[in-house]
Amino acid sequence: MSESSAPISGAMKGSNAKRGLWSSRLAFILAATGSAVGLGNVWKFPYITGENGGGAFVLVYLLCIAAIGLPIMMAEVLIGRRGGRSPVNSLREIARHDKLNPAWPIVGAIGVIAGFLILSFYSVIGGWAASYVVKAGSGQLAGQSADAIGAIFSDLLADPATLLMWHTLFMALVMLVVAKGVRAGLERAVSILMPALFLLLLTVVGYAMTTGEFGRAVTFLFQPDFSKLTTSGILVALGHAFFTLSLGMAVMMAYGSYLPKNISIAKTSIAVCVIDTGVALLAGLAIFPIVFANGLEPGAGPGLIFQTLPLAFAQMPMGSLFGTLFFVLLIFAAWTSGISLLEPIVEWLEEQKGMNRTTSTLGAGFVCWALGITSILSLNLWSDFAPLGAISMLEGKTIFDLLDFFTANILLPLGGLLIAVFAGWVMSRQAMEDELALSKPMFRLWYITVRYITPVAVGAVFIYNLIGS
Ligand code: PFF
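Numbering (my numbering), first residue to last: 1068 to 1536.
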């Protein structure tokens, strides 16, 4: 931002002229990447890939990123820049200006609800990563066998008090930054810490190459076996494309409102998608050779990275150091994403309820934290409690599973669908041509995608899953 110390949200209410704009394309990319790259890439992508059979799932995920995620990201940034305000007000402003249905700000409301629900369990997983900083740093993992490392993880899950402590710490970190509005410094730190995370992942990939199972991992990840692809797997891939790119909840719309007019929306969005996908694929390449070399189960579920990466750190030279550094960087990546999840709620409370920033952060953060406790209990005391188990699609899902499913696979794609419809059918085509400044054929390609392909694809995946369940 040109006013580097100005909090992003502090300037949200004014007109564009008064609000600090990103000083450069890089600043926007850093903020958007900070939100996009997080636990979704390193924790979630590998485990859902393992659960859904590998290659074919990865292919569908990549397709969803390129054919749905990227065009929607462009649409979000475009709407944000056009409206020049916070998401709810941007949509209201465009709707009023173009005499459209005043119900459109509902997309902003979806963002508020989704952010709230996601952050509740995201913080619990952020807490797992924090606890592994201590485990790696204190040498607890060094030289341990796969069984011992598995047991360390199960012990963590079985201990609600410890989970609660780490969850509280993570949420406090997020609330601190949102309350103080000190985003600018953190975003600048992304420019050092994200490449560091990338390098460290590369180091683990280097180690993974020595395990002898690298080829098998590459085959698993990149050779599609369509017999392993299920309808629900397609929904998970689609949902994850939204989750990992922070789409469907107007976060990119908020960031887009700070993007100066002369910067290409397409190029910047492509950069964010490429970085995000690169981190996810590297995480996969780091983890699966270790899975195969140690006879672990690719479909082990949410604990996958916590059962595999520590094994690599246990065996490689200077493993304790690399391990500690890795989990610190993972927390940082999760932190910048967590902030972008809480921000829309706090902004909404400020704008709609007239609350000040500190009170709204404390209030929203507290409720989110309290909801997170249900996810913690889902891992131990309530692990057999499946509140919506009567619905076959939701059978056996704990509260934690349900929160994840409902947000990533339903709310975010639904938000994305509405954004695509808004851009494709509601906004003026001329306005969008001006904003995107693409060549004619490229604009047409984007326009057809948001107008037809995205709504049909998201709609079809929803309907198939409803019929199939
Ligand atoms: N994109 C983040 C990740 O992959 O970890 C999660 C996320 C952040 C989702 C912000 C949605 C969001 F608005």
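Think of the CB as a built atom: it goes at the ideal place given N, C-alpha and C, for glycine as much as any other residue.
| query | result |
| --- | --- |
| Gly1107 and Thr1311 closer than 8 angstroms at C-beta | yes |
| Exposed unless 16 or more other CB atoms sit within 10 angstroms - verdict on Ser1459 | exposed |
| Spatial distance of Ser1069 from Gly1193 (CA atoms) | Low local confidence applies: a pLDDT of 36 at Ser1069 is under 50, so the model's placement there is unreliable, with the coordinate-based value given in what follows. The straight-line gap from Cα to Cα measures roughly 31 angstroms. |
| Inter-residue CB distance, Leu1158 and Pro1172 (contact presumed, cutoff 8 angstroms) | 5 angstroms |
| Beta-carbon gap between Met1316 and Ile1115 smaller than 8 angstroms | no |
| beta-carbon Asn1108 near ligand 1 non-hydrogen atom, thresh 7 angstroms | yes |
| Assumed close pair Val1241, Leu1429 - CB separation to whole angstroms, cut-off 8 angstroms | With 8 angstroms as the limit, Val1241 and Leu1429 do not qualify as a contact, their Cβ atoms being about 12 angstroms apart. |
| Distance, Asp1471 Cα to Gly1463 Cα | 14 angstroms |
| Distance, Thr1235 Cα to Ala1078 Cα | Bear in mind that a pLDDT of 35 at Ala1078, under 50, signals an unreliable position, so the model cannot answer this. |
| Arg1152 - DSSP class collapsed to helix/strand/coil | coil |
| Cut-off 6 angstroms between Cβ atoms - residues of its own chain near Phe1220, not counting five sequence neighbours on either side | Gly1370, Phe1373 and Gln1374 |
| Whether Met1499 touches Val1339 by CB criterion (8 angstroms) | no |
| Beta-carbon contacts of Gly1366 that lie in its chain and below 6 angstroms, excluding the five residues immediately before and after | Gly1117 and Glu1118 |
| Element boundaries [alpha helix (DSSP H), containing Asp1226] | First-last for Asp1226: undefined, no H or E at that position. |
| Environment of Thr1277 [buried if 16+ CB atoms lie within 10 Å] | exposed |
| Beta-carbon separation (whole angstroms), Phe1124 vs Gly1300, contact threshold 8 angstroms | 5 angstroms |
| Span of the alpha helix (DSSP H) around Trp1402 | Gly1386 to Lys1420 |
| Buried/exposed call for Glu1280, threshold 16 Cβ in 10 Å | buried |
| Distance, Leu1352 Cα to Pro1074 Cα | Unreliable placement is indicated for Pro1074, whose pLDDT of 29 sits below 50; the coordinate value is still reported in the next sentence. When rounded, the distance between both Cα atoms is 37 angstroms. |
| Buried or exposed by the 16-neighbour rule on C-beta atoms within 10 Å, applied to Phe1183 | buried |
| Heavy atom of ligand 1 within 7 angstroms of Phe1467 beta-carbon | no |
| Beta carbon of Leu1224 nearer than 8 angstroms to that of Asn1447 | yes |
| Sub-8 angstroms separation of Ser1258 and Leu1097 beta-carbons | yes |
| Sequence ranges, alpha helix (DSSP H) only - wholly within the stretch 1252 to 1323, length at least 4 | 1281 to 1289, 1298 to 1311 and 1318 to 1323 |
| Rounded distance between the beta-carbons of Gly1120 and Leu1296, thought under 8 angstroms | 7 angstroms |
| Neighbourhood of Val1346 by C-beta distance below 6 angstroms, restricted to the same chain and skipping five residues each side | Val1104 and Asn1108 |
| Cβ contact (3+ pairs, closer than 8 angstroms) linking the stretch 1199 to 1216 and the stretch 1376 to 1384 | yes |
| Span separating the alpha-carbon of Phe1467 from that of Ser1190 | 12 angstroms |
| Residue from Leu1416, Thr1403 and Ile1332 with nearest C-alpha to Ser1506 | Ile1332 |
| Complete alpha helix (DSSP H) runs within the stretch 1450 to 1521 (minimum length 4 residues, chain order) | 1466 to 1471, 1479 to 1488, 1496 to 1503 and 1507 to 1515 |
| Integer-rounded CB distance, given that Ala1308 should sit under 8 angstroms from Ile1132 | 5 angstroms |
| Leu1408: CB within 7 angstroms of a non-hydrogen atom of ligand 1 | yes |
| Per-residue burial, Glu1364 [other beta carbons within 10 Å of its own, 16 or more giving buried] | exposed |
| Opening and closing residue of the alpha helix (DSSP H) in which Ile1135 lies | Run containing Ile1135: none; DSSP gives neither H nor E here. |
| Sequence-distant residues of the same chain with beta carbon closer than 7 angstroms to Val1488, five excluded per side | Pro1522 |
| Own chain partners of Phe1394 with C-beta closer than 7 angstroms, once the 5 adjacent residues on each side are dropped | Ala1196, Tyr1199, Val1200 and Ala1203 |
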